[in-house]
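First the structure, in the form of structure tokens, and then the observations on it.
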Amino acid sequence: MNEFVEQKLLQPGDGVQVQNQGNVAQRIQLVTEAGTVFSSVLPPGAGVTVIIGHEALAMQIDTPDPDYPGLHLVRPADDDEDDDAFH
């Protein structure tokens, strides 16, 4: 599986929008300076808006899928394991 990874460093007050325009789900991950990982899968047609505050990171998911599972906050020690992620 080919995977394209794009990394951006966002400063306080910055924002970014991502739209999944493909026909397969895509994963998006955001990592704070403290190492907290926000991980989410965007179904086709879904979009996400990320806004960086002074000390906080805000992430909004816009999706046409009524069964979308929501945004996962993953503890840094989890090593990208979703089994004990929490909402």
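Residues 162 to 248 (the working numbering) make up the sequence shown, in order.
Cβ coordinates follow ideal geometry from the N, Cα and C atoms, glycine included.
Everything numeric in this text was worked out from a predicted model, so none of it was measured.
Subject >> DSSP bridge partner residues for aspartate 223 (one or two, in chain order) >> reply: Gly208
**OP:** Could you tell me which residues DSSP puts in a beta bridge with glycine 176?
**Re:** Ile212
Subject >> glycine 208 and aspartate 223 closer than 8 Å at C-beta >> reply: yes
Original post:
Using a Cβ-Cβ cut-off of 8 Å (strictly less than) and excluding sequence neighbours within five positions of glutamine 172, which residues of its own chain qualify?
Top reply: Ile213
Subject >> Nearest-angstrom Cβ-Cβ length linking valine 179 and glutamine 190, presumed shorter than 8 Å >> reply: The pair is not a contact, with the Cβ atoms about 11 Å apart (cut-off 8 Å).
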